[in-house]
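Everything below concerns the one structure shown next.
In full-length UniProt numbering, the protein residues as written are 1 to 248.
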């Protein structure tokens, strides 16, 4: 059964944690995902067999955490992640950020480098709210501004994804591509070539935008946005191990 961490803003964040040796590993999930996803559970099992400290959690409005998903935005979920990491881990951590979690992990690495021993992104989606806005038709933009929300079909759920006006506007305060991104820790980016949600172009743009002594991008031919096949899961685990060895 999950425990709950109360943030400084009063939100209750559901989490599961393993005690173990460091550097610890923190999994940050994607938009509308939860801590029970395939990648989070597989990485937890991997960490358990190796005696590694591990943390997975639900952002507010996700999974078992408090709050309404419709009220949330990138800054809220960044604050949830930061609060959980500061309260529930010891020392610098290896962050594993999937999709939107990749965006949030990049923000953490940029703004709190002392807490990040290494960074692994999986189909990272930095600034996806700006991409969403740029792809909208004029009628869609009008609908969002008038109604405060826009629905789009989802490949991952029978229910449509709902994007709010606040999500777009607040996301502009948390952008990655609007300023230099110098990361001193080891960074490994994993990206599938068949990802229909985050194209390879995004990964290349992020690679070129970053600066640092130890940054690499691995492309997996045919992998989609889920990046959850047995081979992809093994690649994530091997990458975390290598980053941990370099960070030690």
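Just so you know, even glycine gets a beta-carbon here, dropped at the ideal spot from N, CA and C.
Our two residues, residue 56 and residue 65, have alpha carbons roughly 12 Å apart in a direct line. The Cβ-Cβ distance between residue 120 and residue 188 falls below 8 Å. By the C-beta density criterion, residue 89 is buried, having at least 16 other C-beta atoms within 10 angstroms. Beta-bridge partners of residue 24 (DSSP): 93. In this structure, residue 30 and residue 83 do not form a Cβ contact; the two beta carbons are roughly 19 Å apart against a cut-off of 8 Å. The region 210-229 makes contact with the region 170-183, as at least three CB pairs between them are under 8 Å. Scanning its chain for C-beta atoms nearer than 6 Å, with the 5 sequence neighbours on each side dropped, one finds around residue 6 the residues 12, in chain order. Following the DSSP letters along the chain, one finds residue 217 inside the beta strand (DSSP E) bounded by residues 215-220. Under the three-state reduction of DSSP output, residue 61 falls in the coil class, being neither helix nor strand. Put simply, the region 22-29 touches the region 39-56. At least three CB pairs are less than 8 Å apart. Per the coordinates, the alpha-carbon of residue 176 lies some 29 Å from the alpha-carbon of residue 231. Contact between residue 102 and residue 126 holds, with the beta-carbon distance rounding to 7 Å and staying under 8 Å.
Contact between residue 190 and residue 229 is absent: CB atoms are separated by about 12 Å, not below the 8 Å threshold. Ranked by how close their Cα comes to the Cα of residue 132, the residues 105, 161, 115 and 15 have 161 in first place. Beta bridge pairing from DSSP links residue 164 with 149. In the DSSP annotation of this structure, the continuous segment of the beta strand (DSSP E) that includes residue 121 starts and ends at 116-122. Rounded to the nearest angstrom, the Cβ distance from residue 118 to residue 186 is 5 Å, consistent with a contact under 8 Å.
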